[in-house]
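Report on the structure given below.
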Amino acid sequence: MNRKQFLAGMAAALLAGSAQAQEELPIAPAVDSKTPRDPNKGPVTNLPLPRYVSLKGREGNVRRGPGMTHRIDWVFTTAGMPLRITAEYDRWRRVEDYQGMGGWMQFNLLSGSRSVLITQDMAEFRDNPDGASRVSFQAEVGVIGKLLECSADWCRVNAGGEKGWILKSALWGVDPGEIID
């Protein structure tokens, strides 16, 4: 027997065995190979939704939908402004500000650097995360600061070059209970 005859015989045996195996085994139902997507994670980045970011530059167009053909509804004009991402589509992120106003922005206009907005008038920043600690400085409503770290109830923030601890309840841009090292 030469190689060609051997290969032909093997192929015939495999086909016959395959046909016999199909007759003996029941056909399994088709299984969807896709695992269900986690609704708490973005379909593009697989990062948590919602999550906080900040405006990278001095201005960013906010569009009605995820694409350049959609109308610009307004423009965010404060560098470092904290924003919350609530959805993702391709290179677009649906964001909202502290008032809940938002729309779609290109992802390259956003930074992963965290910032917060002071929501309490004359908010007190303290030396330590303790209500009895000395007040080191105060900030007005609307001041934006860089988020440095957070414990369960307090966050350390750099606001205008001054660093201090402030209650989370006086901030927008961090979730209650969120811990940041």
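Under this note's numbering, the first residue of the sequence shown carries the number 1, and numbering increases by one thereafter. For every residue, glycine included, the Cβ atom is placed at its ideal position computed from N, Cα and C. None of these values were measured; they are calculated from a predicted model.
Judged by their CB atoms, I118 and G142 are nearer to each other than the 8 Å cut-off.
Excluding five sequence positions before and after R114, the CB atoms of its chain that fall closer than 8 Å to its own CB belong to Y52, V53, S54, P82, K146, L147, G173, V174, I180, given in chain order. Proximity of the region 58–78 to the region 88–102 meets the contact definition, three or more beta-carbon pairs being nearer than 8 Å. Nearest to Q120 by alpha-carbon distance, out of N46, I144, N40, is I144. With 16 or more neighbouring CB atoms inside 10 Å of its own CB, M105 falls in the buried class. The Cβ atoms of K56 and S111 sit closer than 8 Å to each other.
In the three-state reduction of the DSSP assignment, N46 falls in the coil class, being assigned neither a helical nor a strand state. By the CB criterion at 8 Å, V62 and G100 fall outside the cutoff.
Of T78, D38, C155, V116, the smallest CA-CA separation from D127 is found for C155. Counted as a single uninterrupted DSSP element, the beta strand (DSSP E) harbouring P82 occupies residues 82–89.
In the three-state reduction of the DSSP assignment, A170 falls in the helix class, which pools H, G and I. Pairing Q138 with A123, the inter-Cα distance amounts to about 5 Å. Excluding residues up to 5 positions away in sequence, A139, V143, G145 lie with their Cβ nearer than 6 Å to the Cβ of A159 in the same chain. Annotated three-state conformation of N108 is helix, per DSSP.
Contact check for R58 and T77: beta-carbon distance about 7 Å, within the 8 Å limit, so the pair qualifies. Following the DSSP letters along the chain, one finds A139 inside the beta strand (DSSP E) bounded by residues 135–139. The beta carbon of G80 sits closer than 6 Å to the beta carbons of S54, S115, I144 from its chain, once the five residues preceding and following it are set aside; these are given in chain order. The continuous stretches of beta strand (DSSP E) do not include V143, and DSSP gives it neither H nor E.
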